[in-house]
Amino acid sequence: MNNFIFQNSTKVYFGQGCVKEYLSCLAGKAETVMLAYGGGSIKKNGIYDEVSGILKKAGKNIVDFSGIMSNPTYAKVKEGARLAKESGADMILAVGGGSVMDCCKAVSLAARYDGDIWDDFWARPGVINFEPLPLGVIVTVSGTGSECNGGAVITHEEKKIKTGRDYPKLNPRFALMDPAYTYSVPEKQMVSGGFDTLSHIMETYFSEPDDDNVSDDIMEALMKSVIRNLRAAVKNPADYTARSNLMWASTMAENRVIKMGKRCDFQCHNMEHQLGAYTDCNHDCGLAVLHPAYYRCIYKYGLSKFARFAENVWGIARGGRSDDELASAGIDALADFIKEIGLPSTLGELGITDKKLLKEIAETCAVSAGGYKRLNAKEIYNIFISCLK
Ligand code: NZQ
Ligand code: ZN
Numbered sequence: 071m072n073n074f075i076f077q078n079s080t081k082v083y084f085g086q087g088c089v090k091e092y093l094s095c096l097a098g099k100a101e102t103v104m105l106a107y108g109g110g111s112i113k114k115n116g117i118y119d120e121v122s123g124i125l126k127k128a129g130k131n132i133v134d135f136s137g138i139m140s141n142p143t144y145a146k147v148k149e150g151a152r153l154a155k156e157s158g159a160d161m162i163l164a165v166g167g168g169s170v171m172d173c174c175k176a177v178s179l180a181a182r183y184d185g186d187i188w189d190d191f192w193a194r195p196g197v198i199n200f201e202p203l204p205l206g207v208i209v210t211v212s213g214t215g216s217e218c219n220g221g222a223v224i225t226h227e228e229k230k231i232k233t234g235r236d237y238p239k240l241n242p243r244f245a246l247m248d249p250a251y252t253y254s255v256p257e258k259q260m261v262s263g264g265f266d267t268l269s270h271i272m273e274t275y276f277s278e279p280d281d282d283n284v285s286d287d288i289m290e291a292l293m294k295s296v297i298r299n300l301r302a303a304v305k306n307p308a309d310y311t312a313r314s315n316l317m318w319a320s321t322m323a324e325n326r327v328i329k330m331g332k333r334c335d336f337q338c339h340n341m342e343h344q345l346g347a348y349t350d351c352n353h354d355c356g357l358a359v360l361h362p363a364y365y366r367c368i369y370k371y372g373l374s375k376f377a378r379f380a381e382n383v384w385g386i387a388r389g390g391r392s393d394d395e396l397a398s399a400g401i402d403a404l405a406d407f408i409k410e411i412g413l414p415s416t417l418g419e420l421g422i423t424d425k426k427l428l429k430e431i432a433e434t435c436a437v438s439a440g441g442y443k444r445l446n447a448k449e450i451y452n453i454f455i456s457c458l459k
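Numbering-wise (this note's numbering), the sequence shown opens with residue 71 and increments by one.
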């Protein structure tokens, strides 16, 4: 196991009714709360009324910051920071999924910084030697795990770059997680979020070191749980147990616990982020298309781990199979599962067919040093091309 330092500063309040029980107290001494959300789902499902009602009862001024889009842009971050400064907000409450939480993490930084946060903290790693505006989150759709880390993925539209940085100082102070809040998430979005969780775990699992380590064992249990509970939630969207397990697995995948001692790959995320920067495709659908193709390209470099994945996660008996055959069967099982839950398997299904564009995306894609094989632009392009059919 590699050496590591572990810390996670976010305090989690999990379970049905947690917002009613704790929000008022968590809003503490803040006088003005910037209530941030997306395109309006929380107004339809009653979450907005519940949250704003609690804040009003606690005597808070509320400033709405609405319309945070999926794949939040740097322009939106600047809009939020302006609003936070002008309104004198002393707390941000992000109510939504990864896009709202990520945008608000960047806003919390920009609201307390005079320079350009893209240049100083996203284009390259920076040092946060000041206190960002306090941020709390209420999760309404699970999958990214953004609630328990300092990661924020932002798209700079003009520069055509979508990139994430993880700053521990941007961890939300608290995360309220009520699985019942996710009942209204449409099935397509629910399975997408579940697949994002699975992807985060796989991107960590398929990286060295592969000697006996706690992280790999936890990850196998988590992957099996995500697969089982996604199937249950598709069957019955109001299955509280399934929604709870999906929500907590999503946090566990990204709260740094499973990454301890591992190098971590995230090459599939690098490829998807760059696809997203150029085409604004859905993060999870992009991952669903890319994962099997990426693994077919690299599995020989981590053969025994891919064989272990087939046996321990998908329950495929070795029989008379060689490592190569077993590893391939595991990747096939992953591809079949993606189809079973209704996620796309080709770039065409995402409306992406332009080979010239794919070449440009491949050439501008970040390359991870943490996986079994360091890809070059040609290999990335070939992966994209194999996803066209
Ligand atoms: O915008 P509204 O109207 O609220 O609708 C949203 C949105 O359309 C809807 N939704 C949310 N809660 C709902 C609901 N619909 C009905 N009922 C509810 N309770 O869900 C849709 C998707 O929301 P979004 O936040 O965009 O999705 P997700 O949570 O998948 O976040 C995606 C973003 O997170 C980034 C991605 O790159 C992408 O930008 N990521 C962040 C990570 C992190 N910070 O650690 C890691 C991930 O790998 C990922 O890259
Ligand atoms: Zn992701």
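In this text, a Cβ means the ideal position worked out from N, Cα and C, and glycines have one as well.
Inset, instruction - Pull up the distance between the alpha-carbon of Gly-87 and that of Ala-181, whole angstroms please. - result: Distance between the alpha carbons of Gly-87 and Ala-181 is about 31 Å.
Legend entry - Rounded C-alpha distance that separates Asp-160 from Met-293: Approximately 39 Å, taken between the alpha carbons.
Inset, instruction - Please confirm whether any heavy atom of ligand 1 lies closer than 7 Å to the CB of His-226. - result: No - ligand 1 has no heavy atom lying nearer than 7 Å to the Cβ of His-226.
Inset, instruction - Measure the C-alpha to C-alpha separation of Pro-202 and Val-147 and round it to an integer number of angstroms. - result: Here the alpha carbons of Val-147 and Pro-202 stand approximately 14 Å from one another.
Legend entry - With 16 other Cβ atoms within 10 Å as the buried cut-off, status of Cys-23: Since the first and last residues shown for the chain are 71 and 459, residue 23 lies out of range.
Legend entry - Cut-off 6 Å between Cβ atoms - residues of its own chain near Glu-227, not counting five sequence neighbours on either side: Annotation for Glu-227: Thr-143 place their beta carbon closer than 6 Å to its own, counting only its chain and skipping 5 residues before and after.
Legend entry - Whole-angstrom C-beta distance between Lys-329 and Thr-274, which should lie under 8 Å: For a cut-off of 8 Å, the C-beta gap from Thr-274 to Lys-329 is around 6 Å, short enough to register as a contact.
Inset, instruction - In the DSSP assignment, find the beta strand (DSSP E) that holds Phe-135 and state where it starts and stops. - result: Note, Phe-135: beta strand (DSSP E), 131–135.
Legend entry - Stretch pair the region 377–393 + the region 340–356: three plus CB contacts closer than 8 Å: Verdict: no, contact absent.
Legend entry - Closer than 7 Å: Ile-112 CB and nearest ligand 1 heavy atom: Yes.
Inset, instruction - Can you grab the Cα-Cα spacing for the pair Trp-188 / Asp-354, in whole Å? - result: When the Cα atoms are used, Trp-188 and Asp-354 turn out to be separated by approximately 24 Å.
Legend entry - Beta-carbon proximity list for Ile-455, same chain, < 8 Å, skipping 5 on both sides: Cβ neighbours of Ile-455 beyond the five flanking positions: Lys-425, Leu-428.
Legend entry - Contacts around Gly-167, its chain only, beta-carbon distance under 6 Å, and the 5 residues preceding and following it disregarded: Cβ neighbours of Gly-167 beyond the five flanking positions: Val-211.
Legend entry - Beta-carbon proximity list for Phe-244, same chain, < 6 Å, skipping 5 on both sides: Excluding sequence neighbours, Phe-244 sits near Lys-81, Leu-96, Gly-206.
Legend entry - Boundaries of the alpha helix (DSSP H) in which Ile-162 is found, first to last residue: Looking at the DSSP string, Ile-162 is not in any alpha helix (DSSP H); the run it does join, the beta strand (DSSP E), is 161–166.
Inset, instruction - Note down the Cα distance separating Gly-418 from Tyr-369, rounded to an integer number of angstroms. - result: Rounded to the nearest whole angstrom, the CA to CA distance from Gly-418 to Tyr-369 is 24 Å.
Legend entry - Per DSSP, cross-strand counterpart(s) of His-226: Note: His-226 is bridge-paired with Ile-231 in the DSSP secondary-structure output.
Inset, instruction - Consult DSSP for Tyr-237 and reduce its assignment to one of helix, strand or coil. - result: Judged by DSSP in its simplified three-state form, Tyr-237 adopts coil rather than helix or strand.
Legend entry - Ala-222 CB to nearest heavy atom of ligand 1 below 7 Å: Yes; taking the cut-off as 7 Å, the Cβ of Ala-222 has a heavy atom of ligand 1 nearer than that.
Legend entry - Cα-Cα separation between Ser-295 and Val-359, rounded to whole angstroms: So the two alpha carbons sit approximately 22 Å from each other.
Legend entry - Gln-77 classed as buried or exposed, judged by whether at least 16 other C-beta atoms fall within 10 angstroms: Within a 10 Å sphere around the beta-carbon of Gln-77 sit fewer than 16 other beta-carbons, which makes this residue exposed.
Legend entry - Same chain, Cβ closer than 6 Å to Phe-113, neighbours up to 5 away in sequence not counted: Just to set this straight, residue 113 is Lys in the shown sequence, not Phe. For Lys-113, there are no CB contacts under 6 Å within the same chain when 5 residues up- and downstream are skipped.
Inset, instruction - Determine the extent of the beta strand (DSSP E) in which Phe-244 is found, giving its start and end residues. - result: Where Phe-244 is concerned, the enclosing beta strand (DSSP E) stretches over 244–247.
Inset, instruction - Evaluate the contact criterion for the region 223–240 versus the region 123–143: three or more CB pairs, one atom per stretch, below 8 Å. - result: Because the criterion of three Cβ pairs below 8 Å is met, the region 223–240 and the region 123–143 touch.
Inset, instruction - In the DSSP assignment, find the beta strand (DSSP E) that holds Phe-84 and state where it starts and stops. - result: Where Phe-84 is concerned, the enclosing beta strand (DSSP E) stretches over 81–84.
Legend entry - Under 8 Å between C-beta atoms of Ala-380 and Ala-403: A contact, by the Cβ cut-off of 8 Å.
Legend entry - Near ligand 1: Ser-178 beta-carbon under 7 Å from a heavy atom: Not so, every heavy atom of ligand 1 lies at least 7 Å from the Cβ.
Inset, instruction - Return the CA-CA distance between Gly-331 and Met-322, expressed in angstroms with no decimal places. - result: The straight-line gap from Cα to Cα measures roughly 15 Å.
Inset, instruction - Find the nearest neighbour of Asn-299 within the set Trp-318, Ala-164, Ser-285, Ser-136, judged by alpha-carbon distance. - result: Closest option to Asn-299, Cα to Cα, is Trp-318.
Legend entry - Residue interval of the alpha helix (DSSP H) (run including Gly-123): Run containing Gly-123: 117–127, per the alpha helix (DSSP H) assignment.
Legend entry - beta strand (DSSP E) segment containing Thr-102, residue limits: Per DSSP, Thr-102 is one residue of the beta strand (DSSP E) stretching across 102–106.
Inset, instruction - With a 10 Å radius around its C-beta and 16 neighbouring C-beta atoms as the bar for buried, classify Lys-232 as buried or exposed. - result: Label assigned to Lys-232: buried.
Inset, instruction - Report yes if the C-beta distance between Ala-128 and Ile-162 is below 8 Å; otherwise report no. - result: No, they are not a contact pair.
Inset, instruction - Name the residue from Leu-396, Val-255, Thr-214, Ala-432 whose alpha carbon lies nearest to the alpha carbon of Arg-326. - result: Comparing Cα positions, the closest option is Thr-214.
Legend entry - Where Leu-417 sits in the DSSP three-state scheme: In the structure shown, the three-state DSSP call for Leu-417 is coil.
Inset, instruction - State yes or no: is the C-beta of Ser-269 nearer than 7 Å to some heavy atom of ligand 2? - result: Within 7 Å of the C-beta of Ser-269 there is at least one heavy atom belonging to ligand 2.
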